[in-house]
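Student: This is the structure, below, for whatever I ask next.
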Ligand code: HEM
Ligand code: HEM
């Protein structure tokens, strides 16, 4: 029998759940705002939400990665088969990579394309990439394919979390839930 584990620290939990909520809003907002036939006002609102919240996600994810490097989480309990542990590590790594790639590609696509990011403009933060249609097109392509990849990995991750929480009930789910532990 494993010794009971306490799971992720509260800071890691708060990072996880704030990023999770924002990303679960960002993905449908992104797919919806590029649909033909959407009225202009809704599209504009979704674009403003998507661009500005996307930059916030980038800041949160960078802070989260720095925190994780400084305070690594405890190892998985030994009830986890080695294969499952490898799959979890791989999925988490892919999620972190996509959580960086997506907002950076989005940022480059918008800034190199010469478009505003309202919150950064309001703070007087200038574009950090040159104006370039080729660069904007490349970043758009990365963002486009990345959007399917992140949706797939998030789906896989939620399915795995549900499997651990509802079927196996092996304590993996409560390593990250609730968002604040006592
Ligand atoms: C867009 C949404 C989400 C993203 C991007 C995401 C990302 C991640 C990442 C990167 C980790 C690894 C943490 C680390 O070791 O540093 C993680 C862990 C975890 N996530 Fe999520 N997550 C999301 C949504 C969810 C949801 C909705 C659930 C529950 C239904 C969930 C349950 C968990 C659990 C239980 C762990 C801990 C796994 C372990 O024991 O190591 N996640 N998540
Ligand atoms: C976690 C962060 C992000 C996620 C998960 C995400 C997701 C998506 C998705 C699913 C789409 C629709 C698919 C497509 O047409 O590409 C999309 C489109 C788009 N996103 Fe993001 N996005 C993120 C961050 C950003 C950021 C930070 C910006 C800009 C500052 C941005 C700008 C755009 C733009 C302009 C589009 C419309 C398609 C295009 O013209 O390139 N995204 N995003």
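Residue numbers (the numbering used here): 1 to 182.
Where a beta carbon is used, it is the ideal one built from N, C-alpha and C, also for glycine.
(1) Please name the residue in 57, 114 and 40 whose C-alpha comes closest to that of residue 132.
(2) Any idea what DSSP makes of residue 132, helix, strand or coil?
(3) Give the secondary structure of residue 35 by DSSP, where H, G and I count as helix, E and B as strand, and everything else as coil.
(4) Given 8 Å as the limit, is there contact between the segment 80–91 and the segment 15–31, that is, 3 or more CB pairs closer than that?
(5) Under 8 Å between the Cβ atoms of residue 27 and residue 158?
(6) What residue range does the alpha helix (DSSP H) around residue 166 cover?
(7) Look at the Cβ atom of residue 54, then the Cβ atom of residue 103, and state whether they are nearer than 8 Å.
(8) Could you check which residue in 13, 48, 14 and 38 has the C-alpha nearest to that of residue 116?
(9) Thinking just about the alpha-carbon of each residue, which of 105, 166, 160 and 165 is nearest to the one in residue 87?
(10) In terms of alpha-carbon separation, which member of 19, 10, 11 and 6 lies closest to residue 154?
(11) Using CA atoms only, rank isn't needed, just tell me which of 33, 145, 176 and 95 is closest to residue 58.
Tutor: Taking the structure as given:
(1) 114
(2) coil
(3) coil
(4) no
(5) no
(6) It is not in any alpha helix (DSSP H) - residue 166 carries neither H nor E in the DSSP assignment.
(7) yes
(8) 48
(9) 160
(10) 19
(11) 95
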